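Note sheet for the following structure.
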Amino acid sequence: MPSPQHEARSDLLEPTPHRHSYSLSPSLLLVPLLLLLVHILPSSSRFLRPKFSIALFSRKKRSFPSRHSDRTSGQMAEEGVVTVYNSNVVADTKKNPFSLKVGMAQMLRGGAIFKVTSVEQAKIAEKAGACSVVVSEPSWDVRRMPDPSLIKDVKRAVSIPIVAQARIGHFVEAQILEAIGVDYIDESEALDIADEDNYINKHNFRSPFVCGGRNLGEALRRVSEGAAMIRTTVFSHGYDDLAETVKNVRSVMGETRVLNNMDDDEVFAFAKEIEAPNDLVAQTKQMGRLPVVHFAAGRFVTPADAALMMQLGCDGVFVGSEVFDCSDPYKRVQGIVRGVRHYTDPHVLAETCSGLKDIMAGSITVRR
35 MPSPQHEARS DLLEPTPHRH SYSLSPSLLL VPLLLLLVHI LPSSSRFLRP
85 KFSIALFSRK KRSFPSRHSD RTSGQMAEEG VVTVYNSNVV ADTKKNPFSL
135 KVGMAQMLRG GAIFKVTSVE QAKIAEKAGA CSVVVSEPSW DVRRMPDPSL
185 IKDVKRAVSI PIVAQARIGH FVEAQILEAI GVDYIDESEA LDIADEDNYI
235 NKHNFRSPFV CGGRNLGEAL RRVSEGAAMI RTTVFSHGYD DLAETVKNVR
285 SVMGETRVLN NMDDDEVFAF AKEIEAPNDL VAQTKQMGRL PVVHFAAGRF
335 VTPADAALMM QLGCDGVFVG SEVFDCSDPY KRVQGIVRGV RHYTDPHVLA
385 ETCSGLKDIM AGSITVRR
């Protein structure tokens with residue numbers, strides 16, 4: 035004989051005339067829960083929080099050129115060493131987000147960039163491991179934007195990023211370079227100056243800009259104008275003295291260390307002294323370094339020269355085209371690349387500096 039519990043359970047299984055018309059499906063009960071989860075999860079995820087961070091720059095505005103590997107971009111985004119400078123500028127930063135440009139510049143950190151004057155030199159640099167090349171006019175007497183046809187030829191020949199130089203203040207040259215698809219624009223003091231009073235408003239461009247700076251004040255002023263990378267060098271034509279480059283790099287690093295020990299009142303006074311935006315100076319103090327990628331440029335002809343710049347605190351080096359003026363340019367370029375990558379390993383540096391023969395610093399011929 036069935037138990038009362040069994041009878042009650044059997045009764046529940048029998049169809050009820052009115053119950054089925056008002057009952058809710060269990061799957062429908064999950065809908066509010068799913069909507070709640072969709073609403074909560076994005077705000078709680080650290081990957082989706084709306085922060086001004088290199089790792090969070092939008093790729094919908096302008097994706098990075100295909101010549102850059104996904105591995106490199108992901109690695110640099112995860113490192114997030116450089117915090118994006120967020121300032122109120124007249125330019126439309128939503129159209130040309132500064133965070134995107136600084137993130138693109140970060141992809142070159144830890145590499146060597148070589149100035150080239152021909153397609154053959156660009157191929158040698160790429161094969162030897164250069165992270166980028168700067169296309170320059172073959173003639174040292176021509177101090178303006180390089181021929182666009184040469185830039186296009188180099189772009190077709192190599193897959194690494196292309197940098198091209200424009201004169202200081204010459205925003206039309208920058209417009210041309212951006213139109214032909216260069217990856218970075220170098221507003222170079224090595225060329226003739228087009229505007230002695232005004233630099234290019236780099237916030238108006240999609241392409242990241244590289245600018246020179248001999249000290250912390252100059253560097254931060256260029257960043258406030260929209261520079262995504264600072265290049266510490268010697269402002270001269272045709273000749274970059276290693277000692278002067280070291281002096282300027284130490285100046286930037288030394289001023290940054292002094293800034294780290296200042297209080298808020300001293301930071302405000304220091305910003306006025308170096309004629310730099312106060313918020314940028316405060317950010318430099320907080321980070322303990324420049325808020326953008328910092329390279330050194332100079333007469334680096336041995337791996338030891340490049341390693342010296344890295345140990346002084348730079349993120350990479352620009353190397354002039356004179357490195358190709360030797361019997362074995364591939365070996366020289368490869369040695370400098372290895373010197374940058376292994377700058378803390380004296381054993382690797384000793385190996386890369388061996389057998390250089392005619393490519394030592396004292397025997398190189400510099401064109402003036």
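Under the numbering used here, residue 402 is the last one in the sequence shown; the count climbs by one each step, no gaps. From the three backbone atoms N, C-alpha and C, an ideal C-beta is built for every residue, glycine too. If you're wondering where the values come from, they're calculated on a predicted model, not measured in any experiment.
- Annotation note: the stretch 317 to 372 contains the following uninterrupted alpha helix (DSSP H) runs of length 4 or greater, listed N- to C-terminal: 337 to 345.
- The C-beta of residue 322 has fewer than 16 other C-beta atoms within 10 Å across all chains shown, which makes the residue exposed.
- A Cβ-Cβ separation of about 7 Å places residue 333 in contact with residue 354 under the 8 Å criterion.
- When beta bridges are read from the DSSP output, residue 146 appears opposite 351.
- When the Cα atoms are used, residue 349 and residue 299 turn out to be separated by approximately 30 Å.
- Rounded to whole angstroms, the gap between the alpha carbons of residue 210 and residue 382 is 42 Å.
- Rounded to the nearest whole angstrom, the C-alpha separation of residue 295 and residue 324 is 15 Å.
- The C-beta separation of residue 243 from residue 260 comes to about 6 Å, placing the pair in contact by the 8 Å criterion.
- Of 257, 194, 129, the smallest CA-CA separation from residue 155 is found for 194.
- Residue 218 is bridged by DSSP to 197.
- For residue 185, the enclosing alpha helix (DSSP H) covers residues 182 to 191.
- In this structure, residue 144 lies near residue 374, with their beta-carbon atoms less than 8 Å apart.
- The residue from 313, 204, 226 with its alpha-carbon nearest to that of residue 257 is 313.
- In the DSSP secondary-structure assignment, residue 245 is bridged to 221, 264.
- DSSP, reduced to helix, strand and coil, places residue 166 within a strand of the structure shown.
- C-alpha of residue 146 to C-alpha of residue 164: approximately 5 Å in a straight line.
- In the same chain as residue 302, and ignoring 5 residues on each side of it, the C-beta atoms closer than 7 Å to its own belong to 312, in chain order.
- When the beta-carbon positions are compared, residue 279 and residue 290 stay at least 8 Å from each other.
- For residue 210, the uninterrupted alpha helix (DSSP H) segment begins and ends at 205 to 213.
- Judged by pairs of C-beta atoms under 8 Å, the stretch 245 to 255 does not touch the stretch 127 to 141, as fewer than three such pairs exist.
- The straight-line gap separating the alpha-carbon atoms of residue 160 and residue 186 is approximately 16 Å.
- Its Cα nearest to that of residue 387, the residue 369 stands out among 369, 376, 377.
- When the Cα atoms are used, residue 315 and residue 362 turn out to be separated by approximately 44 Å.
- Per the coordinates, the alpha-carbon of residue 282 lies some 19 Å from the alpha-carbon of residue 304.
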